[in-house]
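Chains as they are written, first to last, in UniProt numbering: chain A, 1 to 113; chain S, 1 to 833.
Beneath this line is the structure, given in structure tokens, with notes to follow.
Given below as structure tokens:
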């Protein structure tokens, strides 16, 4: 992976990705339930849950990767840039964990009930 | 007279307000911040008085002191005043007052915008309050749920007062949001990197950006509801394809972040005070910055937790329940950082710290009930009871009012040059703290026993009697505490002992601005290489006023401050700031006329007012760049660093981009409304044939695209130092875009839109009006630039303004094609599939 530079965008990029994922998660669920709601008896084993789970895991993976890249690049830099990348790494990590925890209920709850 | 005194007299001449009535034209951040705070305090007293009325009515069962109707007006106005006219403006006022002083700047970067913001707030507040005195105040709750607030159930003008007044006030909030963001990022003292910035500035930066993104959904919702009430456009009416739940979504998209918009600056005050009174730097500066950014984002993902009982799927509720619990984590990070700082420091227990401890206790309790409410089954159980009211007050009073008073006592010497009374102050604290807990701790129990909120009275013998009585007594004790604080503050101006320089031994720069501060804050601006300048260089309190640092030239008569790089704090330019002006007051006054005319439905005057306001704003914009009133081109102007209007990356460009972010949030809210109604509204109906001519709309878009391409080419050439044909090029762009605008107007006017019968057509009309407004604005400001070329205010040496306008053109083009795709092409494709 290409070395991450200490651009201030990294201070918010993780949470921007998280926000887009969150809107896609809630919006996608709402639209899917309006357009093609699966039977309530199917429980959590539906195409909607499967799609949301894949989306969640993919987002979590990308964010974890970015966290690792930021952490790896930080020590070599001067104080202000190191400050930015260390915060960015924590934000990527916490965004990944947020996505994972918030997305987890798709494993157990039916989508449209 | 020594040299220092002469220097200060010269600065005073350039930076001072005009005498007498002329002070109304003041734009200086110290004056404007003070006015915001004073006005906010007056509204707080009115809001408190309304709370006392409500508590008097509820003290005993079956009372008739207030009728049901008046009680509804009282609690609606209490919430509205406290949220919109007190909490946000007073914190913005604090930020406006403090930020330049903390970052080593002489003023905010758009001082006239500050002034406009203040007058919008003042006039908007007066308009809303007048409804109370006229006996026609809004009565649907501070959240104004539809259809309760719609014409059918609220036929009087109450809702209109709320919608128009609040929208007016919110212009002020967004203006402050834009201004504070750009000022913090671009006008810090040289050397002050992001990592050296005072922690309070991080909080205010987050708050300002949250306002930029959070307020537009409510502005849109208010505009839509007012259009429904005044013009019969049925956005929230189910029978016509609208949906009242859309209001709730838009309101809480604003309303939840609002809680954090209020909490963050208050937490910033706490993070500023605790290290000073612990005598050590704050523990975990980086962790706090992290938690501020996290709070700023995650708080936007919680809005549905206010809507757990409206019937959304359990899975969606689970998403929002977990997100609601997660937002406690960044808050907890801050609480632990504060506790660790106190733990490892040598704490001085005095008045500001008393309020800090009060905050820690009350706010943590409020946070805990917040986590309880995030759990869906519990939320269902206590929904619409006094438990929720109690939680809200623990969070808002604990999380905002206590820190605010801590900040008031902390910065009072900076404000007046005198110290508060410890004895009166302690009486004020304990009465407030005891009274507050007696009121709201009991209310948790009242709620758990099932007492619903918003009822004006109740039966006796339900177990609520003594709790309500205690709550009411507590309310009056708290009021006595507030009275004590007011007394202390008023008396201290006369009887308070004189404060020493930096009386609390603080670390930040505001204590080097003089007590009370001078209008220009710093006679000379130092390089700042540390996070704690006054701890590491205490001599700054002398060397700054003695003019031993940068930017001491004042003979030119310009108000100047340094412009620096947003990240590294490296010196980039000298920003010349506008001086006292009547234009902001005139523009706000015209807008107030528009507001009142719309209230009384006298539309011709509203149109005249709009034109007059536009004229004021455009005339104001004329005094920019190299205009004689701004910074005329002279032989001896600074070259290294240059004046900002001679550069490509001045604050105006940043202001434009941040404003467009707010505008974009409004547009996205409109797009959300469109998709929401399309997919969710039970009676959504689409006309068989589109009323709008798609080919003509496309033709209009092609003209717009040509105009934007031409404009971008002109700007690219200007950047290369080539201004040949600039004036004629700008006229050509204006002409092409007039063709675009003419077609767009014709398409809109000629379309047989059934905007009073179909929500579909009503939304389309709003979207078309949105495009017309932006295209019209782009044409006018470009034509103005063409004129400025003729006057010699714009050329290759003065490229500032055409570059500022470029993002507006790109944005107008973006929303045009995005609208065409979302509002016309996508529904067609969907219909065909």
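Beta carbons: idealized from backbone N, C-alpha and C, even for Gly.
Taking every protein chain shown into account, the CB of residue 724 of chain S has fewer than 16 other CB atoms within 10 angstroms, so this residue is exposed. The three-state secondary structure of residue 559 of chain S, taken from DSSP, is strand.
By the criterion of a C-beta distance shorter than 8 Å, residue 161 of chain S is surrounded in its chain by 127, 128, 130, 131, 136, 137, 138, 599, once the five residues flanking it on both sides are discounted. Residues of chain S whose Cβ lies closer than 8 Å to the Cβ of residue 98 of chain A are, in chain order, 298, 323, 326. Nearest neighbour of residue 65 of chain S by Cα position, chosen from S/610, S/213, S/456, turns out to be S/456. Of all residues in the region 194-212 of chain S, only 194, 195 come within less than 7 Å of chain A when Cβ atoms are compared, listed by chain position. Per DSSP, the continuous alpha helix (DSSP H) segment holding residue 422 of chain S begins and ends at 422-448. Each residue's CA atom was taken as its position, placing residue 176 of chain S and residue 42 of chain A some 51 Å apart. Closest in C-alpha terms to residue 281 of chain S, from the list S/32, S/169, S/85, S/344, comes S/344. For residue 557 of chain S, same chain residues with a beta-carbon under 7 Å away, outside a window of 5 residues either side, are 14 in chain order. Counting along the chain, residue 573 of chain S sits inside the beta strand (DSSP E) bounded by residues 571-577.
Taking 8 Å as the cut-off, the Cβ atoms of residue 748 of chain S and residue 780 of chain S do not count as close.
If you draw a 10 Å sphere on the C-beta of residue 35 of chain A, you find fewer than 16 other C-beta atoms in it, and that means exposed.
Using a Cβ-Cβ cut-off of 8 Å, residue 51 of chain A does not count as an interface residue toward chain S, since no Cβ of chain S sits closer than that to its own. Sixteen is the threshold: since fewer than 16 other Cβ atoms of the shown chains lie within 10 Å of the Cβ of residue 79 of chain A, the residue is exposed.
Going by beta carbons, residue 400 of chain S and residue 483 of chain S fall outside the 8 Å limit. Linking residue 667 of chain S to residue 815 of chain S through their CA atoms gives a straight-line distance of about 8 Å. Under the criterion of beta carbons closer than 8 Å, residue 446 of chain S and residue 467 of chain S qualify as touching, at roughly 5 Å. Within chain S, the residues whose beta carbon sits less than 9 Å from that of residue 18 of chain A are 297, 298, 301, listed in sequence order.
The region 109-120 of chain S makes contact with the region 579-595 of chain S; the number of CB pairs closer than 8 Å reaches 3 or more.
Remark: C-beta atoms of residue 105 of chain S and residue 183 of chain S approach each other more closely than 8 Å. With fewer than 16 neighbouring CB atoms inside 10 Å of its own CB, residue 828 of chain S falls in the exposed class. Beta-bridge analysis with DSSP links residue 564 of chain S to S/571. Taking every protein chain shown into account, the CB of residue 248 of chain S has 16 or more other CB atoms within 10 angstroms, so this residue is buried. For residue 263 of chain S, not one C-beta of chain A is nearer than 8 Å to its own C-beta. In the structure shown, residue 753 of chain S falls within a coil segment according to DSSP collapsed to helix, strand and coil. Per DSSP, the beta bridge partners of residue 795 of chain S are S/798. DSSP places residue 101 of chain S inside the alpha helix (DSSP H), whose first and last residues are 88-103. Here residue 365 of chain S is buried. Its C-beta has 16 or more other C-beta atoms within 10 Å. The closest CA to that of residue 810 of chain S, considering only S/795, S/635, S/775, is found on S/775. In this model, residue 464 of chain S and residue 391 of chain S are separated by some 18 Å (Cα to Cα). Ranked by Cα distance from residue 562 of chain S, the first of S/812, S/495, S/675, S/523 is S/523.
Residue environment: residue 818 of chain S is assigned as exposed (fewer than 16 neighbouring CB atoms within 10 Å of its CB, all protein chains considered). Residue state for residue 108 of chain A is assigned as coil, using DSSP reduced to three classes. Contacts between residue 75 of chain A and chain S, judged by CB atoms closer than 9 Å, are missing: the closest CB pair is about 14 Å apart. Among the CB atoms of chain A, one or more fall inside 8 Å of the CB of residue 294 of chain S.
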